[in-house]
Every structure is written in structure tokens, then in C-alpha cells.
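Take a look at the structure below.
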Amino acid sequence: MTLNEQLAELKAQNVAKHPKKIINLQLEDMKKMKESGIVDNAPKTGEKMKDFTLSGPLGIPRSLAELRKKGPVVVTFYRGGWCPYCSLELRAYQAILKDIKDAGATLVAITPELPDASLSTTEKNELEFEVLTDVNSEYAREIGLVFTLSERLRPVYADFGIEIEKHNGTGQFDLPLAGTFVVDTDGTIACAGVDADYTKRTEPSEVVAVINSLKTKKERT
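The sequence shown runs 1 to 221 under the UniProt record's numbering.
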């Protein structure tokens with residue numbers, strides 16, 4: 001089963017168990033986000049990916065510029081470990097981590113979750129790749145990936161037991177769009193997958209295919 005098939009199955013389960021009023025609120029907000037044109041402002045294939053320097057739970061800074069020296073870099077943004085769709089995606093990338101490494105690439109995930117929360121996400125999902133904290137979603141905002149969770153959805157999330165501020169910091173309701181990028185060694189984006197619908201993600205197999213294509217091109221030159 002592909003990642004998006006798993007995500008669709010999860011979505012169907014959630015639609016079935018939650019009140020229609022809540023589902024409609026989520027769909028309305030998602031529609032507004034799509035109509036806002038936010039995806040159009042996100043980084044695109046062929047453009048240069050803006051550099052970042054972010055740290056993980058251990059406080060060790062990682063920069064995109066340094067990571068690129070080793071080979072292509074897969075950068076995937078996730079909303080938080082509280083999001084079951086994000087957790088599915090993270091586990092899907094963990095499942096193909098060896099393929100990514102074998103192709104000479106590095107995988108990092110970026111989240112607005114504070115270090116303690118991101119460490120919990122890493123341990124819960126048994127992730128062996130680095131998860132970096134984007135405090136206040138500053139980097140995601142710089143590259144046009146940020147949206148603010150609407151005030152009317154905040155109590156809904158709270159009723160679900162999702163404490164956004166506990167994960168991201170007091171007063172922080174900014175979240176990144178679901179986005180995955182393959183960045184080549186020169187900083188060029190070889191593949192960009194961004195969606196305003198958080199129940200849809202870039203297939204990990206597509207990411208591996210792009211990385212292998214980059215590897216093949218370099219071997220021929």
C-alpha cells in the first residue's frame with residue numbers, strides 16, 4: 001500500500017468517526033487555504049532552496065549548505081507528532097531511509113515542534129534520521145510554507161487532545177504546509193511537492209526515484 005493510500009484510508013476513518021460539523025469546518029478552512037494561493041508562493045522545482053541552520057533535540061546545528069556537500073538532501077516538513085498523517089509520512093520515510101542513503105542522499109525533517117516534543121516524535125516513530133526544530137516556523141515562513149491555524153479550529157484541536165502550544169510554544173499556532181523537497185548539491189530544487197491538503201503527501205518512492213536520477217546523471221558526467 002502506498003503512503004497516499006494509507007493516508008486516504010486514515011482520512012476515511014476520521015470522517016466516519018468525527019461529527020460532520022467538525023469535518024465541514026476542516027474542509028472549509030482547507031478550501032480557504034487553497035484559494036489563498038499559498039502553494040503558489042512555495043519553493044518550486046528548478047529554483048534555489050534557501051539555506052537554513054537549525055538544531056535538533058541535542059542542540060547540534062545543521063545547515064543545508066553543509067549537508068549539501070555530502071550529496072542531495074531530502075527536506076520534509078511536518079506539522080507535529082500530534083498529527084497522525086504526519087506520523088504516517090515520517091514512518092514511510094523511515095522505511096526507505098536505507099534507499100535514500102544508498103543513493104548518496106541525506107534526509108532531514110523540519111518541524112515547528114520544540115525539541116522535547118520533536119524528540120518524543122522521533123522516539124515514538126523510531127526515526128533514525130534527524131528532526132530539526134524551526135522555532136516559531138521562521139524558516140518555513142521565509143520560504144512561504146506557513147499558515148496559521150484558524151481560531152475556530154483551535155478549540156476543535158484542543159477537544160481532540162491536541163495542545164498546539166504545548167508542542168510549539170505559547171501563542172504559536174503557525175504550522176507548515178505538507179512539503180517535501182529534494183535539493184541537489186548546488187542548492188537547486190530537483191523535486192518540490194507541496195499541498196494545502198495535509199492528508200496528501202509526496203510519495204517517498206518518487207523521492208527515491210529523483211535521487212537515483214540525480215546519482216545517474218552525476219555518474220555519466
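Quick reminder that beta carbons are idealized off the backbone N, C-alpha and C, glycines included. Predicted model, so just to flag it, every value in this text is computed and none were measured.
Ala190: first and last residue of the uninterrupted beta strand (DSSP E) it sits in: Position 190 of the sequence shown, counting from 1, holds the residue named residue 190. That run of the beta strand (DSSP E) goes Ile189 to Asp195.
Candidates Lys20, Phe181, Thr216 and Lys17: closest to Asp51 by CA position: Taking the sequence shown and counting its residues from 1, one reaches residue 51 at position 51. Measuring from the Cα of Asp51, the nearest candidate turns out to be Phe181.
Continuous beta strand (DSSP E) stretch holding Ile110: start and end: Position 110 of the sequence shown holds residue 110. Here the beta strand (DSSP E) through Ile110 covers Thr106 to Thr111.
Check whether Leu149 and Leu175 have beta carbons under 7 Å apart: Taking the first residue of the sequence shown as 1, we reach residue 149 at position 149. Taking the first residue of the sequence shown as 1, we reach residue 175 at position 175. Contact: yes.
Check whether Met49 and Ile189 have beta carbons under 7 Å apart: The count along the sequence shown starts at 1 and reaches residue 49 at position 49. The count along the sequence shown starts at 1 and reaches residue 189 at position 189. Against a cut-off of 7 Å, the Cβ pair of Ile189 and Met49 comes out as a contact.
Segment contact flag, the stretch 55-67 with the stretch 28-36, C-beta cutoff 8 Å, min 3 pairs: No, the stretch 55-67 is not in contact with the stretch 28-36.
Option in Lys218, Met1, Asn168 and Asp134 with minimal Cα separation from Thr76: On the sequence shown, position 76 is the one that residue 76 refers to. Selected option, being the one with the closest Cα: Asp134.
At least 3 beta-carbon pairs within less than 8 Å: the stretch 161-174 vs the stretch 60-73: No: fewer than three Cβ pairs fall under 8 Å.
In DSSP terms, what Lys48 is bridged to: For the purposes of this step, residue 48 is taken as the residue at position 48 of the sequence shown. Answer is Thr188.
Outcome for Val15 when other beta-carbon atoms lying within 10 angstroms are tallied against a minimum of 16: Translated into the one-based positions of the sequence shown, residue 15 becomes position 15. Label assigned to Val15: exposed.
Where the beta strand (DSSP E) through Thr148 begins and ends: Stepping through the sequence shown from its first residue, residue 148 is reached at position 148. Counting along the chain, the beta strand (DSSP E) containing Thr148 begins and ends at Val146 to Thr148.
Any 3 or more C-beta pairs closer than 8 Å across the stretch 74-88 and the stretch 212-221: no
Identified DSSP bridge partners for Gly56: As a working note, residue 56 is residue 56 in the sequence shown. In DSSP, Gly56 forms no bridge with anything.
Integer-rounded CB distance, given that Asp197 should sit under 8 Å from Met30: The residue labelled residue 30 in the question sits at position 30 within the sequence shown. The residue labelled residue 197 in the question sits at position 197 within the sequence shown. With a Cβ gap of about 6 Å, Met30 and Asp197 count as contacting.
Given Gly171 as reference, the closest of Tyr157, Asn136 and Ile162 once Cα atoms are compared: Taking the first residue of the sequence shown as position 1, residue 171 is located at position 171. Nearest option by C-alpha distance: Asn136.
Segments of 4+ residues assigned as alpha helix (DSSP H) that fall wholly inside the stretch 69-140: With a minimum length of 4 residues, the continuous alpha helix (DSSP H) runs that stay inside the stretch 69-140 are 84-95, 97-102 and 115-124.
Simplified DSSP state of Pro155, which is helix, strand or coil: Counted from its first residue, the sequence shown places residue 155 at position 155. Note: Pro155 maps to helix in three-state DSSP.
For Gly81, the nearest candidate out of Asp159, Pro155, Pro112 and Leu177 (CA to CA): In the sequence shown, residue 81 corresponds to position 81, counting from 1. When each option's Cα is compared against that of Gly81, the closest is Pro112.
Cβ neighbour criterion (16 or more within 10 Å) applied to Gly161: Reading the sequence shown from its first residue, position 161 is the one you call residue 161. Exposed: under 16 other Cβ atoms inside 10 Å.
Contact check, Thr199 vs Tyr93, beta carbons under 7 Å: For the purposes of this step, residue 199 is taken as residue 199 along the sequence shown, with counting starting at 1. For the purposes of this step, residue 93 is taken as residue 93 along the sequence shown, with counting starting at 1. It is not a contact, given that the beta carbons lie outside the stated cut-off.
Contact belief for Leu132 with Leu54 at Cβ below 8 Å, rounded distance in angstroms: For this step, residue 132 is matched to residue 132 along the sequence shown. For this step, residue 54 is matched to residue 54 along the sequence shown. Leu54 and Leu132 do touch by the CB rule: their CB atoms are close to 4 Å apart, below 8 Å.
Any non-hydrogen atom of the ligand FMN closer than 6 Å to Glu123 Cβ: As for the ligand FMN, it is missing from this structure, which has no ligand bound.
Residue range of the unbroken alpha helix (DSSP H) whose run includes Asp174: Taking the sequence shown and counting its residues from 1, one reaches residue 174 at position 174. No alpha helix (DSSP H) holds Asp174; the beta strand (DSSP E) holding it covers Asp174 to Pro176.
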